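Contents: one structure, followed by commentary.
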Amino acid sequence: MASPENENGYMKYAKKVLESYFPQKGMDYGEAGYVSRVYGAQDYSKFMNISIVLASFFIYAFVFLLGMIGILNVISAVSFQIKIRARELAVLKSMGITLESLQKMLNAESVLCAGKALLIGLPVGMLMVWVMGYCVKLVFPINFHMPWTEIFIAISISFGVIWGTVKVSLNRLKKQNIIETIRMQ
Numbered sequence: 001m002a003s004p005e006n007e008n009g010y011m012k013y014a015k016k017v018l019e020s021y022f023p024q025k026g027m028d029y030g031e032a033g034y035v036s037r038v039y040g041a042q043d044y045s046k047f048m049n050i051s052i053v054l055a056s057f058f059i060y061a062f063v064f065l066l067g068m069i070g071i072l073n074v075i076s077a078v079s080f081q082i083k084i085r086a087r088e089l090a091v092l093k094s095m096g097i098t099l100e101s102l103q104k105m106l107n108a109e110s111v112l113c114a115g116k117a118l119l120i121g122l123p124v125g126m127l128m129v130w131v132m133g134y135c136v137k138l139v140f141p142i143n144f145h146m147p148w149t150e151i152f153i154a155i156s157i158s159f160g161v162i163w164g165t166v167k168v169s170l171n172r173l174k175k176q177n178i179i180e181t182i183r184m185q
């Protein structure tokens, strides 16, 4: 056994002990009968960075997919509602309501509908974010901040999607003949 005063001898001894108890690079851990692996700090840091990037990618992809499903659901629901109400809107147009007034009415309805959905969805969503942040804070010593910017972006997107859908649906109604629309069942 080498003494610690002889640095080169001690390093050779330590390396020999390490090789006898733990497999080195290129060795198959399972076949050698080992159940644990020793990493250097650089290898571990690289592994963790790759894991974080992969996890972030899948989480953002999942959130994007859910967001697109939600947006398409809103577009479908609003378009379908206006299509169903085409007869009522044609009657209002035949009684003298202008397209601008009709658009104002539909915009007000869409704002109220989006407001009601946000009134329910925002507190529930913010509570879920807070609970997840609290659970992470119990495990890791990090500060949690409510993602206000992302919340305002989501609110803006939801109002924008509803407003755009109403605008497109109203443009379709402009092209329809009032009498034929009233006659349809």
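The C-terminal position of the sequence shown is numbered 185 in the UniProt record's numbering, with every residue numbered one higher than the one before it.
Glycine is no exception: its CB is placed at the ideal position from the N, C-alpha and C atoms.
Since this is a predicted model, take the numbers as computed values, not measurements.
Here the stretch 136-151 makes no contact with the stretch 104-114; the two share fewer than three CB pairs at distances below 8 Å. Sequence-distant Cβ neighbours of I82 in its own chain, meaning closer than 6 Å and more than five residues away, are S169. Just so you know, the alpha carbons of L89 and L102 end up roughly 8 Å apart. Around the beta-carbon of S94, fewer than 16 other beta-carbon atoms lie within 10 Å, marking it exposed. Fewer than three pairs of CB atoms, one per stretch, sit closer than 8 Å, so the stretch 39-54 makes no contact with the stretch 122-137. DSSP assignment within the UniProt domain "ABC3 transporter permease C-terminal" (61-178) yields the following whole alpha helix (DSSP H) runs of 4 residues or more, N-terminal first: 86-94, 99-139 and 148-175. The C-beta of T165 has 16 or more other C-beta atoms within 10 Å across all chains shown, which makes the residue buried. In this chain, the alpha helix (DSSP H) harbouring N8 covers E7 to Y21. Straight-line measurement puts the Cα of F64 at about 18 Å from the Cα of M126.
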